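Structure first, commentary second.
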Amino acid sequence: MGIVVGRREDGKLLICHCSSRQNNVVVTEFAASGFTSLGRLDIFQ
1118 MGIVVGRRED GKLLICHCSS RQNNVVVTEF AASGFTSLGR LDIFQ
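This is the structure:
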């Protein structure tokens, strides 16, 4: 699970998420990170 934290200059979503490979929290591009779906909590609808 990741959290959308912004957009790149080209409009692609930036996601903050845990990375076991880097043993840390990282910010990467949505699709390049392997994310395939996006949702929003009901309280934010």
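Following the numbering used here, the numbering of the sequence shown begins with 1118 at its first residue and continues without gaps. All C-beta atoms, glycine included, are put in the ideal place defined by N, C-alpha and C. Note that the structure is predicted; figures quoted are calculated from it, not measured.
Here's the rule I'm using: 16 or more other beta-carbon atoms within 10 Å means buried, otherwise exposed. How should GLY1119 be labelled? GLY1119 is buried by the Cβ-count criterion.
Neighbour-count burial assignment, ILE1132, 16 or more Cβ in a 10 Å radius: By the neighbour-count criterion, in which 16 or more other beta carbons inside 10 Å mark a residue as buried, ILE1132 falls on the buried side.
Can you find the residues in the same chain that come closer than 6 Å, C-beta to C-beta, to PHE1147, ignoring five residues on each side of it along the sequence? These residues qualify, in order along the chain: LEU1130 and ILE1132.
Based on DSSP bridge pairs, tell me the residues matched to LEU1158. Note: LEU1158 sits in no beta bridge, so no partner.
Measure the Cβ-Cβ separation of VAL1144 and SER1136 and say whether it is below 7 Å. The answer is no: Cβ separation not under 7 Å.
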